[in-house]
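Residue 71 is where the sequence shown starts when you use the working numbering, and the numbers rise one by one after that.
We put the CB at the ideal spot given by N, CA and C, even for glycine.
Computed from a prediction, not measured in an experiment: that's the story for all the values here.
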Amino acid sequence: MSDISFEYNVPVFAGAPDEGTEPTHRDTPEYEALDWETTKMGVQKAEELGFDAVWAPDHLLLGRDHAEYECWTLLSAIAGFTEDINLGSLVLCNDYRNPALVAKMAATLDVISDGRLELGLGAGWHEPEYDAYGWEYRDGFERLMRLDESIRLMKRMWAAGTDGASFDGKHYQIEDAYCVPGPVQDPHPPILVGGQGEEVTLKLVAKHADVWNTDVFNGDVETLEHKIGVIEDHCETVGRDPDEIEYSWDGHVICTRDEEKFDRLLDLMTPIQFEEEYQDQAPIVTEEDAREYFIMGTPEECAEAIERRIDAGVTKFQGWFIDFPDTDGMELFADEVIPQFS
């Protein structure tokens, strides 16, 4: 059990509605206005409580009034005021940054954080951000092929050492691109790939990833078991040992003994209507639905939900604590849940 890690998703946007004029965002339904000191406090509390990593999503306009912190700038700032906790992107959108530059950025952040970076990558999906910021939104297969090339290009740059790296792909080309200093971690920071498409995305995981991230809505045990089985089959196809890949659960956490608080938070978070990429899945409406996907209830109930996912193969748990900026939920979780798995 000592290999189980518990990690904290950073509230990079506020999700509480403004007098009913905006919808509640399920990740941060009680965070009323984006405030740096409040977000920073949550990260510091997570490190103080012994969480293993902090993760920031890579979006640009999800919050109330479209306010949101940019992922990489945020992680760099966090590296400066933390000492031990790992830092990760959950997940960096491949189309928002040139991959050669990302390789250099990742190496630099790994150096200045003394080897604490975990690099989460994804093909991208939120089309309104592409439209707003002027990026071309390609079809899903092409986005995935671009991600495949990006990961191969970055690995080549990290492996080149003091030699320049060249890469001639369909989507990306570099010539004598240097990545000096290279990353602290050998051979490079762990690569987490997020996504759920079985034919292409999960094969890409089998080829390249150190960690697979479930996405929030693959968090029920039945789906986890199925997706992990698909990855293991792809590993056989590409000739990779499936034991080299770790599996992470990313989702919502409500940890409380206060029944009134539980009901209030559940009401704020649900119903959840899935985004278009999850169109085949039914909305989460009832408490029973929510318990299938998320970790919620008393510390004992949270531990049971975690145990079921460990049995499915999960070793990393990345939680959105729904009561934030109240930290009672994270504190109770750290005091009474985490010790059961140490």
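Item, Value
"My parser needs the beta strand (DSSP E) runs of 3 or more residues fully inside the segment 149-228; what are they?", "156-159, 187-192"
"Determine the burial state of ARG134: buried for a count of at least 16 other Cβ atoms within 10 Å of its Cβ, exposed for fewer.", "buried"
"Name the two residues that bound the continuous beta strand (DSSP E) containing LYS386.", "384-391"
"Using CA atoms only, rank isn't needed, just tell me which of ASP256, THR385, LYS225, PHE403 is closest to HIS414.", "With the chain covering 71 to 412 only, the question about residue 414 has no answer from this structure."
"Can you tell me where the beta strand (DSSP E) holding VAL281 begins and where it ends?", "281-283"
"By the DSSP assignment, the alpha helix (DSSP H) with ALA101 in it spans what residues?", "Sequence check: residue 101 is Tyr here, not Ala. It is not in any alpha helix (DSSP H) - TYR101 carries neither H nor E in the DSSP assignment."
"Using beta carbons (cut-off 8 angstroms, strictly below), is GLY204 in contact with chain B?", "In the structure shown, chain B does not exist; there is a single protein chain."
"Counting only the same chain and skipping the five closest in sequence on each side, list residues whose C-beta sits under 8 angstroms from that of LEU294.", "THR284, ASN288, TYR317, TRP319, ARG379, ALA382, GLY383, VAL384"
"So what's GLY85 in DSSP terms, helix, strand or just coil?", "coil"
"Suppose you measure from the CA of TRP205 to the CA of GLY192; what does that come to, to the nearest Å?", "16 angstroms"
"Out of GLY265, MET215, ASP256, which has the shortest C-alpha to C-alpha gap to TYR242?", "MET215"
"Considering only their Cβ atoms, is the gap separating ILE155 from VAL181 smaller than 8 angstroms?", "no"
"For GLU118, name the three-state secondary structure that DSSP assigns.", "helix"
"By how many angstroms is the C-alpha of LYS240 removed from the C-alpha of GLU117?", "42 angstroms"
"Run through the DSSP bridge pairs and tell me what ASP238 is partnered with.", "GLN243"
"Cα-Cα, which of VAL254, ASP405, ASP393 is closest to ASN79?", "ASP393"
"Could you check which residue in PHE76, GLU219, ALA202 has the C-alpha nearest to that of GLY120?", "PHE76"
"Out of GLU245, PHE211, GLU100, VAL172, state which residue places its alpha-carbon closest to the alpha-carbon of GLU269.", "PHE211"
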